[in-house]
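Below is one structure; the comments refer to it alone.
Residue numbers (our numbering): 5 to 118.
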């Protein structure tokens, strides 16, 4: 089995769908029942569980019904350094660095005389 860092996006989405399906079955809830409680279509739930074309909205709604909202907190953990501490550290990057090559336009080459 691949670790998360070695998995493709498709593999991670499939694994997430399998986890949602396992939770649903562990709670003995049918697809139709979960879909109704979550306010989504059964087809949207099938897509989520199979990892095919699911939306974040579908995932959030299903997790809420299954009592797993805490999973969402792990997607964006709280920042452990306060903004004031960051200011004390000095300069803070405002944007990612670009290509290190010159940004001056390159003159077109003149054809060689033959």
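In this text, a Cβ means the ideal position worked out from N, Cα and C, and glycines have one as well.
Asked, Found
"Start and end residues, alpha helix (DSSP H) containing residue 35", "35-42"
"Nonlocal neighbours in the same chain, by C-beta distance under 7 angstroms from residue 38, ignoring five residues either side", "28, 49, 66 and 69"
"Exposed unless 16 or more other CB atoms sit within 10 angstroms - verdict on residue 24", "buried"
"Best match in 32, 30, 63 and 31 for proximity to residue 45 [C-alpha to C-alpha]", "63"
"CB contact flag (residue 60, residue 21, <9 angstroms)", "no"
"With 16 other Cβ atoms within 10 Å as the buried cut-off, status of residue 58", "buried"
"Residue span of the alpha helix (DSSP H) that contains residue 64, given as start and end", "60-69"
"For residue 5, three-class secondary structure by DSSP", "Any reading at residue 5 is ruled out, since the residue's pLDDT is 49, under 50, leaving its predicted position unreliable."
"Other residues of its chain near residue 73: CB distance less than 7 angstroms, five sequence neighbours each side excluded", "67"
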